[in-house]
Every structure is written in structure tokens, then in C-alpha cells.
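Worksheet: one structure, shown below.
Protein chains in written order, with my numbering: chain D, 2 to 87; chain B, 445 to 519.
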């Protein structure tokens, strides 16, 4: 079966780490609306995530379906590996 | 000296079949002692934060049972 390059896992891990930071900052900002420093950091990581997603999807196909990611041809959002198979 | 580990002394019945445990310890999370989170706390890098389970260093609270003598450090 096709083996995935190491970069696949690195990109996924970075995406996971940035997602975690975004969740933490989001929860923090819910109670600290005026904290500009955190808002600046949050927006920085939002743009960071966009870059990571673009890098991942250009190489390995869509991350999500129903319009949240572009599709390759043929239709490939349901290709292996699924998250639990990675 | 401040420590997050607290102790309590369970009641020991004269009819206990086993050797009594006189003192039991439990660890308390750091957020109990912080109240409303102050801004600009020191942070982990994203990769470390993913493993530590929190973005801010003061909230990092790895649990080590009393039998594991290792305390603190990046687990």
C-alpha cells in the first residue's frame, strides 16, 4: 500500500499544534476581550494555520469536505488514510 | 513553604483488616491559586504546548503519583 512521506506527518503535527494554540487563545480571549497582545498572537496563528493548510492540501488532498477544502480529481476527500488510519 | 500537594488523615477503624494508611496526599492544580488569569503569562512553543496540555507555563501540571519520585520537568 502507498507509504506516506515523513513530511505528511510533520505537516499534520504542526497543524495540530497550531490548532491547539488557537483553541487555547480563543478560550482565553473569550474572557479577556481587551487583551490586544493575545489578539495579535491569535491573528498571527490564524494566518499561520492558513499557510499550513494550503501546504498540506496542495500535497495530500483535502482536509475537510462539504466546501471547506478544494477537491482534487478524481473526487478524493474520502481517500485513505482516514484520521484513525494515519 | 507553598506546595500544591495537600494531605489528609483518614479515619482508621480498629477492625481494619489491612495495614492502615495514616496519611493520604493529593495534588491540587495551579489554577486554584491564580483566580482570574493575568495577561502575558510565559508561554510554551506550539509543539511543547501540544504535549504539555496548556499554552501557559504556570498552568502546566503533570501528575506524578507519590510513588513516582520524578517531580516536574518536561514529561
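Backbone N, C-alpha and C fix where the C-beta goes; we use that ideal spot for every residue, glycine too.
| Check | Outcome |
| --- | --- |
| Using DSSP bridges, identify the partner residues of residue 500 of chain B. | B:487 |
| Could you check which residue in D:22, D:56 and D:60 has the C-alpha nearest to that of residue 46 of chain D? | D:22 |
| Name the residue from B:475, B:463, B:484 and B:467 whose alpha carbon lies nearest to the alpha carbon of residue 30 of chain D. | B:484 |
| Are there 16 or more other CB atoms within 10 angstroms of the CB of residue 57 of chain D, so buried, or fewer, so exposed? | buried |
| Look up residue 32 of chain D in the DSSP assignment and say whether it is helix, strand or coil. | helix |
| So the candidates are D:75, D:48, D:52 and D:84; which of them puts its Cα closest to the Cα of residue 65 of chain D? | D:84 |
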